[in-house]
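See below for the structure under consideration.
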Amino acid sequence: MTTTIDNETAPIWSHANEKARSAGQWVRPQNIFSGRSSIESATIDGVKVIRLSAVPMADTEFRRSYSVVDEPVWRGNDTISLPFELEWQQSLPARWDFLFKLPESTKCFGLGERYSGLDLRGGRHTLCATDDPDHDESIDAMYQSIPLLILASGEETYGLFLDSPAPQRWHLDCNLDGQGRIELFSRHGWRLYAIGPASLPSIVRVFTNLTGRANLPPRWALGYHQSRWSYPDDESVRQIAREMRSRKIPCDTIVLDIDYMDGYRIFTVSRERFPNFRELISDLTKEDFKVVPIVDPGIKNDPNYPIFLEGIQNNYFCKTADGKLFLDTIWGGTSALPDFLNEKTRKWWSEKLGFYTNYGVAGIWNDMNEPTILDMDTAASGLKGKKPLSGEIDELPPDDNQTLIQQLDNEKIGHLEVRNLYGYSMCQATYEGLIAKNPDKRPFVLTRSGCAGIQRYSAIWLGDNKSFFEQMAKSVPMLLNVGLSGVAFAGADVGGFGKDADSDLLVRWFELGIFYPFFRNHSSMGTRPQEPWAHSPIVEQHIRNLIEMRYRLLPYIQGLFWEHVRTGAPLMRPLVWHYPSDQFAAQVDDQFLFGSEILVAPILQRGKTQRLVYFPRGLWHPITGGSPIVGGKAHMVELKLGSVPAFVRDGAIIPMAAIMQSTAEYDRMPITFSAYGDTASGVYFEDDGESFGYREGIFNEWFLRVERDSFKAQEVHRNYQAPKREYYLQQQGVSKPVQLVG
Ligand code: GLC
4 MTTTIDNETA PIWSHANEKA RSAGQWVRPQ NIFSGRSSIE SATIDGVKVI
54 RLSAVPMADT EFRRSYSVVD EPVWRGNDTI SLPFELEWQQ SLPARWDFLF
104 KLPESTKCFG LGERYSGLDL RGGRHTLCAT DDPDHDESID AMYQSIPLLI
154 LASGEETYGL FLDSPAPQRW HLDCNLDGQG RIELFSRHGW RLYAIGPASL
204 PSIVRVFTNL TGRANLPPRW ALGYHQSRWS YPDDESVRQI AREMRSRKIP
254 CDTIVLDIDY MDGYRIFTVS RERFPNFREL ISDLTKEDFK VVPIVDPGIK
304 NDPNYPIFLE GIQNNYFCKT ADGKLFLDTI WGGTSALPDF LNEKTRKWWS
354 EKLGFYTNYG VAGIWNDMNE PTILDMDTAA SGLKGKKPLS GEIDELPPDD
404 NQTLIQQLDN EKIGHLEVRN LYGYSMCQAT YEGLIAKNPD KRPFVLTRSG
454 CAGIQRYSAI WLGDNKSFFE QMAKSVPMLL NVGLSGVAFA GADVGGFGKD
504 ADSDLLVRWF ELGIFYPFFR NHSSMGTRPQ EPWAHSPIVE QHIRNLIEMR
554 YRLLPYIQGL FWEHVRTGAP LMRPLVWHYP SDQFAAQVDD QFLFGSEILV
604 APILQRGKTQ RLVYFPRGLW HPITGGSPIV GGKAHMVELK LGSVPAFVRD
654 GAIIPMAAIM QSTAEYDRMP ITFSAYGDTA SGVYFEDDGE SFGYREGIFN
704 EWFLRVERDS FKAQEVHRNY QAPKREYYLQ QQGVSKPVQL VG
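Going by this note's numbering, the final residue of the sequence shown carries number 745, and the count climbs one at a time with no gaps.
If you want it as structure tokens, here you go:
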């Protein structure tokens with residue numbers, strides 16, 4: 004299934020050659036492929052999927068996939084033709100090139116975490132896990148690497164999923180010649196799935212069918228998380244908790260960054276600063292807080308540190324090419340890196356997590372897992388400092404020339420080829436560890452790095468952003484692409500991590516952040532504090548109101564996650580998701596739909612109190628009340644500081660809870676079905692918010708309908724003994740009690 008590419012139309016094959024060509028020296032590489040390839044097709048959820056596979060040698064097996072968990076029955080067929088005239092070749096022993104056409108009207112979405120607008124077309128996108136805190140237009144490799152490209156043209160959409168953990172660069176019409184190119188740096192094989200044509204929701208549905216979906220998050224993880232690098236001691240953590248409760252700012256989680264540890268040793272707690280950790284966690288738990296500590300992969304090189312010794316004795320760590328222990332600088336100084344590809348290491352790590360669960364912590368935050376190596380000078384070829392894949396490489400360095408060696412299914416492999424699996428396999432170990440400790444509790448794991456399928460194990464956040472309006476604005480299209488790449492549970496540090504947040508930015512970021520599926524305020528050491536009360540009473544008042552709105556929306560948010568579990572749909576959706584034939588909607592990426600019913604249009608610039616909002620067809624109601632706005636066009640809308648920048652579709656019912664201080668109160672809260680419009684309908688989902696019971700059908704789902712003022716609740720599924728609570732219907736400012744009976 005290889006194609007000869009004629010010289011006249013030959014593409015520029017590589018970044019390095021691209022530079023050389025402008026000096027008139029470009030030479031097209033030969034196709035050296037003499038391995039084995041196959042092409043098969045299947046139907047998944049009614050959508051056609053073609054699977055192309057290749058290995059470089061005729062007698063090698065196709066590798067097992069880390070990302071794909073559910074394969075359909077494939078049928079071989081020689082007559083299958085690939086969309087977009089896709090061609091491929093092996094150009095060097097450890098380099099593959101793919102070429103495809105990008106029709107003029109086609110938009111490009113997905114590819115996980117990209118510092119880009121929603122449409123990725125015109126840019127180069129490197130997928131090689133990289134910790135680079137300088138997020139700006141020059142960055143084309145970030146923490147997450149998800150090789151799903153969505154090609155959308157009106158109602159007709161395709162997905163191209165290159166299933167390989169190896170580093171890759173996607174060039175999407177960079178030369179405005181209508182060509183897409185992928186350079187894949189792998190000594191092994193790959194599989195490419197071409198999904199479609201189908202609608203955008205169907206493409207994401209099929210992709211998440213292949214790579215899996217997130218489980219329902221525990222309800223507490225949908226509340227507000229307060230974090231900072233770092234709350235340095237017991238007293239400062241208690242103080243945060245006291246402030247939250249005494250100021251009546253709803254909050255579920257307090258996050259512990261690296262300073263809880265003893266000298267940054269993982270699986271330890273500093274005795275000086277946290278003399279009674281158990282009591283701290285237990286007191287916070289009594290106050291309805293969950294605690295989520297950070298857990299980094301780097302294990303300090305210290306002969307008196309049992310974890311380090313266990314790792315050495317049992318061969319759990321990554322090696323150098325000459326078989327020695329790999330050591331480099333991470334927070335704790337010289338450290339080793341567990342080899343999470345090795346199943347034994349993962350098991351060990353899972354068991355070690357008992358250290359945290361025995362203290363009563365509720366979830367785990369996995370950071371630095373690209374992995375990051377802080378010492379730039381000692382990192383040799385292929386892993387130079389923070390930028391592991393240099394833009395100049397044309398081929399993967401040989402394994403014995405790589406800085407780290409890992410163990411993949413009993414075979415040694417240079418780290419670079421499987422680098423994108425590091426964070427993923429760490430999260431796998433973490434998730435499995437948490438499940439093993441509490442088999443019926445939905446785990447909460449948060450990660451910085453991941454690859455296709457990471458949603459099965461972990462939520463993600465966008466890493467070290469800065470307190471700039473520009474970066475807040477970028478979080479919208481970034482999270483939209485992350486969601487289209489299968490990861491629904493995602494957010495960005497509200498308020499910004501690096502640099503100082505001013506009050507205008509902080510309030511505006513909360514206005515947006517209450518709609519991030521993962522909602523956490525986090526900031527770096529040395530920056531201006533940005534806890535809700537840290538700036539001024541008026542800022543605090545705005546932030547309290549906004550967080551309260553998040554908690555009120557929890558029933559709706561849980562319904563959206565339930566939809567994700569069933570269909571793969573993200574919570575944050577580009578307008579084109581629901582309005583594929585609307586030409587204007589396709590261009591919008593500074594607004595988004597939160598589920599199908601809420602349009603969010605945040606203020607994204609300093610000092611502004613108005614913005615242009617594009618409303619798709621229909622009527623839209625400001626979520627907190629006011630005259631409806633006629634859609635199908637853009638309107639200039641006033642959004643004063645502290646307002647909720649959201650509009651509800653006419654005809655929707657949004658289930659809302661009463662204000663609570665944490666989700667521990669959720670089951671006692673009255674639920675109000677807010678109907679927007681005379682005739683409205685909606686869905687209400689309820690379960691216990693913590694167990695896997697929903698997988699066995701222990702949940703309730705209601706279809707709600709209001710006509711004039713008659714309310715009907717139709718039982719779609721009912722197998723959960725819901726707590727006794729009051730229900731209300733709210734319509735046109737009037738609230739009345741209703742019964743939830745089928
Ligand atoms: C990394 C993380 C950041 C964290 C810091 C210290 O920069 O991205 O969130 O606060 O490390 O652990």
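Each residue gets a CB set at the ideal place from its N, CA and C atoms; glycine is no exception.
DSSP beta-bridge partners of residue i
i	result
ARG523	HIS228
ILE42	LEU55
PRO631	DSSP lists no partner for PRO631.
PRO446	PRO446 is not bridged to any residue.
CYS111	LEU154
ALA678	ILE656, GLN734
Inter-residue Cα distance where the pair is residue i and residue j
i	j	result
TRP351	LYS327	21 Å
ARG276	SER539	29 Å
ASN632	VAL744	For the sequence presented, residue 632 should be read as Ile rather than Asn. If I take the Cα positions, the gap works out to 34 Å.
PRO278	ARG451	29 Å
ASP73	LEU557	31 Å
VAL71	VAL479	27 Å
ASP585	ALA455	30 Å
ARG172	ASP143	9 Å
PRO221	GLN742	27 Å
GLY335	GLU346	25 Å
LEU377	GLY38	39 Å
MET379	GLU116	For MET379, the predicted model reports a pLDDT of 49, less than 50, meaning its position is unreliable; a value from the coordinates is still stated below. C-alpha separation (whole angstroms): 24 Å.
ARG445	ASP299	22 Å
GLY489	PRO573	7 Å
THR682	GLN734	10 Å
VAL364	THR570	31 Å
THR109	ALA155	5 Å
GLN33	GLN93	8 Å
PHE688	SER141	43 Å
LEU549	ASP260	25 Å
TRP91	ASP593	36 Å
ARG728	ALA661	11 Å
ASN404	ALA324	7 Å
HIS720	HIS567	17 Å
Alpha helix (DSSP H) segment containing residue i, residue limits
i	result
SER70	No alpha helix (DSSP H) holds SER70; DSSP gives it neither H nor E.
TYR293	It is Lys, not Tyr, that sits at residue 293 in the sequence shown. Element bounds for LYS293: not the alpha helix (DSSP H) but the beta strand (DSSP E), 293 to 298.
GLY357	357 to 362
PRO625	That residue, PRO625, is in no alpha helix (DSSP H); its beta strand (DSSP E) goes 622 to 625.
GLU313	309 to 316
As assigned by DSSP and simplified to three states, the class of residue i
i	result
SER506	helix
PHE471	coil
SER384	For SER384, the predicted model reports a pLDDT of 44, less than 50, meaning its position is unreliable and no value from the coordinates is stated.
LYS327	coil
THR129	strand
ALA660	strand
ASP747	One cannot answer for residue 747 here, as it falls past the ends of the chain, which runs 4 to 745.
LEU707	strand
GLN734	strand
ILE284	helix
TYR196	strand
LEU165	strand
GLY453	strand
PHE513	helix
MET429	helix
PHE210	helix
CB contact below 8 Å: residue i versus chain C
i	result
LEU187	Although the question refers to chain C, the structure presented lacks it and comprises just one protein chain.
First and last residue of the uninterrupted beta strand (DSSP E) at residue i
i	result
VAL272	Where VAL272 is concerned, there is no enclosing beta strand (DSSP E), given that its DSSP letter is neither H nor E.
HIS538	From DSSP, HIS538 is part of no beta strand (DSSP E); its letter is neither H nor E.
VAL616	613 to 618
TYR687	682 to 689
LEU259	256 to 259
THR375	Per DSSP, THR375 belongs to no beta strand (DSSP E) and is neither H nor E.
ALA244	Looking at the DSSP string, ALA244 is not in any beta strand (DSSP E); the run it does join, the alpha helix (DSSP H), is 237 to 249.
ARG98	98 to 104
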